[in-house]
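Numbering (the UniProt record's numbering), first residue to last: 1 to 432.
Quick reminder that beta carbons are idealized off the backbone N, C-alpha and C, glycines included.
First comes the structure, then the notes that go with it.
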Amino acid sequence: MHNADPTPESSQILHCDAAVIGAGPAGLMAAEVLAAEGAAVHVFDAMASAGRKFLLAGKGGLNLTHAEPPPAFAARYGARSTQIEPLLQQFGAQQLRDWAHALGVETFVGSSGRVFPIDMKAAPLLRAWLQRLRQQGVQFHMRHRWQGWAQGGALRFSTPSAALQVRARAVVLALGGASWPQLGSDGAWAPLLAECGVDVVPLQPANCGFDTVRPDGAAGWTPLFAERFAGQPFKSVAVRFEDHQGRSFARKGEFVATATGVEGSLVYAFANLLRDEISARGQATFWLDLLPNHDAERVAAEVLRPRGSRSLSSHLKGRLGLDGIKAAVLFEQLGRDGMHDGAALARAIKALPVTVVAPRPVAEAISTAGGVAWDVLDAHAMLKALPGVFCAGEMLDWEAPTGGYLLTACCAQGRAAGQGALRWLAQQQSTR
């Protein structure tokens with residue numbers, strides 16, 4: 001049964017075919033599908049404007065999707081590939097690019113396989129999208145915060161002016177996860193659904209940074225290292241990691257030192273493995289190769305080569321190009337004695353242990369894992385416990401690395417939820 005509060009006498013009441021709660025990509029896609037078939041659609045969002053997180057994600061260049069072959073693309077969703085792959089077959093990377101093109105936004109494939117708009121910006125695409133939705137008759141209600149259900153099943157909203165109730169024949173929830181809460185995804189929906197008997201897996205950070213510990217067990221980097229190098233990247237490095245279950249990861253790339261640990265694209269790529277290992281074992285250690293283009297024999301030979309009157313730092317810079325943050329992290333982990341043990345130093349350059357003990361808080365993460373469990377949805381994205389209520393996007397229990405995978409799946413799920421809601425509306429019409 002819906003969680004219910006008495007209906008305030010002052011509440012306004014709005015009737016519509018479909019209410020979409022959440023004006024991010026998943027919600028907007030659901031609204032587009034519904035409106036295209038003539039449904040009267042109203043979109044509600046707690047923020048002052050639509051697509052806040054979408055715009056911020058595209059601030060440095062909107063990574064729309066990825067040009068990877070479909071099987072490899074689907075594999076990026078890990079344990080949820082089985083659920084997400086059929087959605088991508090209906091609306092995957094190419095369909096998303098075609099959709100953007102229909103809005104007047106051309107795309108290109110970058111050297112990494114990531115797909116971007118030609119102008120790299122999110123705002124023009126969002127403006128064109130919202131314009132088309134309004135032309136289709138979609139009505140937007142901003143600064144409307146969903147508060148659950150009233151007695152009788154109406155949706156309750158708090159607004160700047162007065163309480164509002166909405167009686168919708170179909171509802172699409174696309175409320176996001178709990179990352180970047182200042183942009184609207186605050187996870188406040190979780191208890192509202194849990195009270196209705198919907199299984200919600202606790203929300204956790206995904207694509208996140210981690211806090212490190214030093215070899216002596218002290219938290220984070222030393223103050224000297226943090227002061228000098230926080231915010232600087234480890235470029236042209238490689239990492240490898242294997243958890244206690246035998247799951248492994250190895251890749252070249254770059255990441256960034258933070259004041260308390262590490263973050264950045266290479267870390268995000270296996271953040272789920274690190275997070276799960278910390279949950280199971282209390283910590284996780286990955287191995288950092290500072291010179292992936294040099295084999296171990298060459299590194300050892302150069303480290304052990306007589307250096308004469310040159311300092312160790314000059315020797316490492318001259319023979320191996322090791323300086324700056326790479327040299328500093330070696331000293332950070334090995335200490336003075338370890339740095340002057342040639343064999344130990346050579347091994348560390350190729351396999352430096354970095355131990356992480358906690359993911360950064362979920363509010364700092366790029367995205368979240370956890371959310372509405374998949375098995376509480378039917379084949380059309382409808383909550384079994386709440387007939388006529390559909391879910392899509394990051395509020396579902398799935399995760400993916402950065403690279404366009406998050407946005408593509410959100411759009412695919414939004415379209416699927418919209419199609420499920422259309423089917424529900426048609427069924428209700430036929431039984432009248």
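Okay, do the region 79-96 and the region 39-53 touch, 3+ Cβ pairs below 8 Å being the bar? Touching, no.
Scan the region 242-273 and note each continuous beta strand (DSSP E) run of 3 residues or more that stays entirely inside, going in chain order. Fully enclosed beta strand (DSSP E) runs of no fewer than 3 residues occupy 248-257, 261-263 of the region 242-273, in order along the chain.
For Q165, write down the residues that DSSP places opposite it in a beta bridge. According to DSSP, which records beta bridges pairwise, Q165 is partnered with I13, R156.
Which ranges does the beta strand (DSSP E) cover as unbroken runs of at least 3 residues, wholly within the region 352-430, from first to last along the chain? The qualifying runs are 352-359, 367-372, 389-391.
Whose C-alpha, out of F108, T159, A280, is nearest the C-alpha of D119? Nearest option by C-alpha distance: F108.
Please state the DSSP three-state secondary structure of P215. Coil.
Outcome for T82 when other beta-carbon atoms lying within 10 angstroms are tallied against a minimum of 16: Residue environment: T82 is assigned as exposed (fewer than 16 neighbouring CB atoms within 10 Å of its CB, all protein chains considered).
How far does the alpha helix (DSSP H) with H144 in it extend, from its first residue to its last? No alpha helix (DSSP H) contains H144, which DSSP labels as neither H nor E.
Could you tell me the alpha carbon to alpha carbon distance between M1 and L193, rounded to whole angstroms? Low confidence applies to M1: its pLDDT is 38, below 50, so where it sits in the model is not reliable, and the reading given next is rough at best. Answer to the nearest angstrom: the Cα atoms are 10 Å apart.
Give the straight-line distance between the Cα atoms of R307 and D295, rounded to the nearest whole angstrom. In a straight line, the C-alpha of R307 is about 20 Å away from that of D295.
Where does H340 fall in DSSP's three states? In this structure, H340 counts as coil in the three-state DSSP scheme.
Check whether the region 282-301 and the region 339-356 touch, using three or more Cβ-Cβ pairs below 8 Å as the test. In this structure the region 282-301 touches the region 339-356; the number of beta carbon pairs closer than 8 Å is three or more.
For a minimum of 4 consecutive residues, which ranges assigned as the alpha helix (DSSP H) are wholly contained in the region 285-333? Entirely contained in the region 285-333, the alpha helix (DSSP H) runs reaching 4 residues are, in chain order, 296-304, 312-320.
Count the other CB atoms, across all protein chains shown, that sit within 10 Å of the CB of Q429; report buried if there are 16 or more and exposed otherwise. By the neighbour-count rule (16 or more Cβ atoms within 10 Å), Q429 is not buried but exposed.
Between which two residues does the beta strand (DSSP E) harbouring T222 extend? Unbroken run through T222: none, as it is neither H nor E.
According to DSSP, V21 sits in a beta bridge with which residue or residues? In the sequence on display, residue 21 carries Ile and not Val. Answer by DSSP bridge pairing, in chain order: F44, L173.
Taking one C-beta from the region 200-207 and one from the region 356-372 each time, how about it: are there three or more such pairs within less than 8 Å? Between the region 200-207 and the region 356-372, the count of C-beta pairs closer than 8 Å reaches three or more; the two stretches touch.
Rounded separation between D5 and E32 - CA only: Confidence in D5 is poor, its pLDDT being 43 and thus under 50, which makes the residue's placement unreliable; the coordinate value appears in the next sentence. Computed Cα separation, rounded: 31 Å.
Let me know the secondary structure DSSP gives V200 once reduced to three states. Of the three classes helix, strand and coil, the one that applies to V200 here is strand, per DSSP.
Short of 6 Å in beta carbon distance, which residues of its chain neighbour I278, apart from the five on each side in sequence? Order them along the chain. The residues are A284.
With distance defined between alpha-carbon atoms, name the residue in K252, Q413, A168, D276 nearest to S265. For the residues K252, Q413, A168, D276, the minimum Cα distance to S265 belongs to K252.
Write down the C-beta distance between H66 and G404 rounded to the nearest angstrom, noting that I regard them as a contact closer than 8 Å. Between H66 and G404 the beta-carbon gap is near 4 Å, inside 8 Å, which marks them as a contact.
Using only the alpha-carbon positions, how far apart do C16 and T408 sit? Each residue's Cα considered, the two are about 28 Å apart.
Taking the straight line between their C-alpha atoms, what separation do you get for T431 and G38? Straight across, the Cα-Cα distance linking T431 with G38 is about 19 Å.
Can you give me the Cβ contacts of L396 inside the same chain, cut-off strictly under 6 Å, excluding the 5 residues immediately before and after it? Only G371, V372 meet the Cβ criterion.
Taking the CB atoms as reference points, tell me whether F44 and P25 lie closer together than 7 Å. No; because the gap between Cβ atoms is not below 7 Å, this pair is not in contact.
Grab me the residues of G27's own chain with a C-beta within less than 6 Å of its C-beta, minus the 5 sequence neighbours each way, in chain order. Cβ within range, chain order: V20, A174.
Measure the beta-carbon distance from G338 to A344 and round it to whole angstroms, keeping in mind my assumption that it falls under 8 Å. Their Cβ separation, rounded to whole angstroms, is 5 Å, which keeps G338 and A344 in contact under 8 Å.
Give me, in chain order, the residues of the same chain whose beta-carbon lies closer than 7 Å to that of A358; leave out the 5 immediate sequence neighbours on both sides. Cβ neighbours of A358 within its own chain (closer than 7 Å, five residues either side excluded): F210, D211, I278.
So the alpha helix (DSSP H) R76 belongs to, where does it begin and stop? It is not in any alpha helix (DSSP H) - R76 carries neither H nor E in the DSSP assignment.
Among all the DSSP beta bridges, which residues are the ones paired with T65? In the DSSP assignment, T65 forms a beta bridge with V115.
Need the endpoints of the alpha helix (DSSP H) that S54 sits in, please. Residue 54 is actually Phe in this sequence, not Ser. Unbroken alpha helix (DSSP H) run through F54: 52-57.
Output the distance between the C-alpha atoms of I84 and L425, rounded to the nearest integer angstrom. Cα atoms of I84 and L425: separation of roughly 24 Å, rounded to the nearest angstrom.
Exposed or buried, which one is H340 when buried takes at least 16 other CB atoms within 10 Å? Classified as exposed, H340 has fewer than 16 neighbouring CB atoms from the shown chains inside 10 Å of its CB.
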